[in-house]
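So the sequence shown is residues 10 to 158, counted in my numbering.
The beta carbon of each residue, even a glycine, is placed where N, CA and C say it ideally should be.
Keep in mind that this is a model prediction, so the values were computed, not measured.
Below you'll find the structure, written out as C-alpha cells, and then a few comments.
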Amino acid sequence: MAPVQKEELSERTPRVEDYLEVISGLIREKGYARPVDISQRLEVTPSTVTSMIQRLDKLGFLVYEKYRGIVLTPKGDELGKGIERRHRVVSRLLEILGLGGDIVYKDAEGIEHHVHPATVDGIEKLVEFFDRNPAIVRSLQRFIQAPED
Ligand code: CA
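In C-alpha cells:
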C-alpha cells in the first residue's frame, strides 16, 4: 500500500471520511462501533484501525475510552452522517442511470469524497425528482438502453 504521509497534513482526508462514515453507520445499525467491525468493513488490520482511532480522537472527531468504546463528537457525527448521505445520494443516481452493484458501490466510494456540498444538494434534488416520477425513470432507462442510430 502507498504511504499516506501527505494525507496526514490535512485533517479531513478521504480516509478520515471513510472511517467516520463506517463508524457512523455501525452506530446507527448496532448502537456501537467496535474496532473489530471497523477493521472488517474497511478491510484493514486491527492495528491500522487502532492508530486511526487515536488520530481521529486527537483531531476531535471522536472520543475513545476503553470501556465506553467509540463516541463520535458532534463534529465527527456531522461529518460521518454527511458522507453517508453523499454515498446514498450518489449511489441512487448511478442506479437510476442503470448501473449495477459493483460499479455503483465503487464509484460512490470515490465520488463521495470529491463533490461540493452544493453539488450533493443538487444531485439529491434530482434523485428525489426521479423517485417521485417513476415513469420518467423508465423513459430515461429506455433511452439509455436504446441502440444508437
Ligand atoms: Ca466511503
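Grouping DSSP H, G and I as helix and E and B as strand, with all else coil, what is Leu71? Mapped onto the sequence shown, residue 71 falls at position 62. Here Leu71 sits in strand by DSSP.
Within the chosen definition, does the stretch 46-61 reach the stretch 106-119 through at least 3 CB pairs nearer than 8 angstroms? Counting Cβ pairs under 8 angstroms, fewer than three are found: no touch.
8 angstroms contact criterion, which Ile32 and Ile79 should meet: CB distance rounded: By one-based count along the sequence shown, residue 32 stands at place 23. By one-based count along the sequence shown, residue 79 stands at place 70. About 6 angstroms; that satisfies the 8 angstroms criterion.
Beta-carbon distances below 5 angstroms to any heavy atom of ligand 1 define the shell here; list its residues in chain order, please. Asp27, Glu30 and Glu118
So the alpha helix (DSSP H) Leu159 belongs to, where does it begin and stop? What is shown of the chain runs 10 to 158, which leaves residue 159 out entirely.
Could you give the residue range of the alpha helix (DSSP H) that holds Leu149? Working through the sequence shown from its first residue, we reach residue 149 at position 140. Element bounds for Leu149: Pro143 to Gln154.
Between the C-alpha atoms of Phe152 and Glu104, what's the straight-line distance to the nearest angstrom? Reading the sequence shown from its first residue, position 143 is the one you call residue 152. Reading the sequence shown from its first residue, position 95 is the one you call residue 104. Their Cα atoms are separated by approximately 15 angstroms.
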